[in-house]
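Under the working numbering, the letters of the sequence shown match residues 21 to 368, in that order.
We put the beta carbon where it would ideally sit given N, CA and C, even for glycine.
What follows is a short report on a single structure.
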Amino acid sequence: MTNGDLLRQLFRGYAMHDDSAFRSAASELIQEERIKNHRLLADDLERILLNGTGHRNGKPNNVSHYEIPKDRERGFPLLDITESPYDWDRLVLPESSLGSLKQIVREHRHKDLLVGGGIKPTQRVLFFGPPGCGKTLAAQVIAGVLSSPLAIVRFDAVVSSYLGETAANLRRVFDFIQRGRWVVLFDEFDAIGKDRDNVFEHGELKRVVNTLLQLMDAFRGESLLIAATNHEKLLDKAVWRRFETVVQFPAPSVQDRVLMLRQFLRGFDCSLLNIGALAKQLADATGADVERFSIEAARLALLDGRTQINKGDVRTSLDSYLERRTISRNLTPAKTNRHTTGKRRQVD
Ligand SMILES: Nc1ncnc2c1ncn2[C@@H]1O[C@H](COP(=O)(O)OP(=O)(O)OP(=O)(O)O)[C@@H](O)[C@H]1O
Ligand SMILES: [Mg+2]
């Protein structure tokens with residue numbers, strides 16, 4: 021569409037109260053400005069469209085101005101758009117992983133310095149590590165510190181049983197994110213990004229992975245794309261190569277678990293507890309486990325009318341953690357096979 025046509029559509033949309041025509045013309049105009057390299061204007065227009073102000077910290081709640089793409093057959097939205105309140109202090113990670121995340125944020129904050137030198141900030145990032153170790157949380161923290169809306173791609177909606185629809189949904193997702201500036205999280209990315217040569221996969225899945233790779237290559241938008249997986253061994257080399265930065269989210273060390281316990285139990289009196297010994301007893305616990313343990317202990321204390329956590333609360337919560345750990349160890353192979361065979365293995 022020419023610029024004149026876009027302006028006509030914009031005015032017509034406004035005059036006729038046709039919100040969808042207005043939004044699509046406005047989004048296209050922003051994209052045009054971006055192509056012309058008028059990035060400051062494009063950013064400002066985008067923020068105004070998003071939150072009604074040109075300010076970075078304006079509430080970006082007015083996401084209804086963007087038409088969130090849906091799965092055509094079932095009508096499910098393909099993305100969830102949220103705002104994140106989190107900051108760095110929420111995240112406990114090894115220095116190397118935290119350093120990589122902070123570097124990505126620095127690049128996006130000072131994008132203009134990089135672009136001035138002809139370099140783009142890191143745009144495709146892979147998070148990998150076991151479940152419950154902070155991958156989704158880290159994406160929320162990055163969105164929070166960048167004051168960017170977080171767009172989480174919903175693979176349950178993207179993956180369709182209709183032939184060709186999954187690839188079409190992926191295209192809709194990329195068309196959408198191309199038009200704005202988001203932190204985009206492809207959570208459980210391996211649900212579609214796994215090894216293309218896997219003998220269990222049928223043709224449709226291979227096509228989908230190819231489409232995904234092409235879309236990532238062709239992506240020229242401003243957003244930061246984060247893919248998260250806990251099955252990194254299932255991703256083939258072609259997928260790994262697409263990512264400029266790869267960040268590991270290992271299970272927390274004893275020292276990390278101490279920091280997490282302090283964080284999750286802040287506001288409670290822990291003077292009767294030996295936090296260091298407790299962190300050791302929570303052997304193999306992920307961040308999610310430490311959080312669940314802490315909530316359970318805190319709940320027991322509160323129900324008893326206390327804000328002091330005592331040894332009984334800890335013992336009960338520790339027992340239930342150990343029980344859950346035994347169950348989940350038996351279930352792990354079934355979870356690993358969930359995307360390859362489509363069947364759940366029986367628990368022995
Ligand atoms: N490294 C961490 N630092 C602080 N809190 C953590 C960390 N890891 C996990 N948690 C706690 O556990 C919760 C769940 O973690 P999160 O959802 O980020 O895990 P995940 O790695 O995305 O898991 P999955 O692979 O199953 O999606 C977080 O909301 C947080 O409260
Ligand atoms: Mg996650």
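Look at residue 147 here: in three-state DSSP terms it is strand. Taken through DSSP and simplified to helix, strand or coil, residue 249 comes out as strand. Taking 9 Å as the cut-off, the Cβ atoms of residue 87 and residue 32 do not count as close. Residue 99: member of the beta strand (DSSP E) spanning 99 to 102, first to last residue. In the displayed model, residue 179 falls within coil according to three-state DSSP, outside both helix and strand. Beyond the five residues adjoining it in sequence on each side, residue 45 comes within less than 7 Å, by CB distance, of 26, 29, 30 and 33 in the same chain, given in chain order. C-alpha of residue 193 to C-alpha of residue 324: approximately 49 Å in a straight line.
For residue 141, the Cβ stays outside the 8 Å cut-off from all heavy atoms of ligand 1. Straight through space, the alpha carbons of residue 275 and residue 303 are spaced by roughly 12 Å.
These are the residues, in chain order, with a beta carbon less than 6 Å from any non-hydrogen atom of ligand 2: 155, 156, 207 and 248. A straight line joining the alpha-carbon of residue 199 with that of residue 183 spans about 27 Å.
Secondary structure note for residue 206: its beta strand (DSSP E) is the uninterrupted segment 203 to 206. Under DSSP, the beta-bridge partners assigned to residue 90 are 97.
With a cut-off of 8 Å on Cβ pairs, the segment 173 to 191 is not in contact with the segment 334 to 341, counting fewer than three such pairs. Three or more Cβ pairs drawn from the segment 240 to 248 and the segment 145 to 152 lie within less than 8 Å of each other, which places the two stretches in contact. Remark: the shortest separation between the CB of residue 335 and any heavy atom of ligand 1 does not fall under 8 Å. Taking 8 Å as the cut-off, one finds at least one heavy atom of ligand 1 near enough to the beta carbon of residue 110. Scanning its chain for C-beta atoms nearer than 6 Å, with the 5 sequence neighbours on each side dropped, one finds around residue 106 the residues 160, 161 and 164, in chain order. Listed in chain order, the non-local C-beta contacts of residue 157 below 8 Å within the same chain comprise 106, 110, 111 and 307, local neighbours out to five positions each way being set aside. By the CB criterion at 9 Å, residue 299 and residue 322 fall outside the cutoff. About 12 Å separates the beta carbon of residue 140 from that of residue 133, a gap too long to meet the 8 Å contact definition.
In the three-state DSSP reduction, residue 289 falls in the strand class (E or B). With contacts defined by Cβ atoms closer than 9 Å, residue 114 and residue 250 do not form a contacting pair. As the crow flies, the alpha-carbon of residue 206 is around 11 Å from that of residue 190. Following the DSSP letters along the chain, one finds residue 171 inside the beta strand (DSSP E) bounded by residues 170 to 173. Here the alpha carbons of residue 49 and residue 120 stand approximately 34 Å from one another.
A residue is called buried when at least 16 other Cβ atoms come within 10 angstroms of its Cβ; residue 238 does not meet this threshold and is exposed.
Residue side-chain check: residue 105 keeps its Cβ at 8 Å or more from all non-hydrogen atoms of ligand 1.
Put simply, the backbone Cα of residue 231 is about 14 Å away from that of residue 209. In the DSSP assignment, the residues bridged to residue 267 are 147. Apart from sequence neighbours up to five positions away, the residues of its chain that approach residue 309 with a beta-carbon distance below 8 Å are 152, 302, 341, 344 and 345, ordered along the chain.
Out of 297, 258 and 311, the CA that lies nearest to the CA of residue 283 is found in 311. At a threshold of 8 Å, residue 308 counts as near ligand 1, since its beta carbon sits closer than that to one of the ligand's heavy atoms. A heavy atom of ligand 1 is found nearer than 8 Å to the CB of residue 283.
The beta carbons of residue 292 and residue 329 sit closer together than 9 Å.
In the DSSP assignment, residue 328 is bridged to 289.
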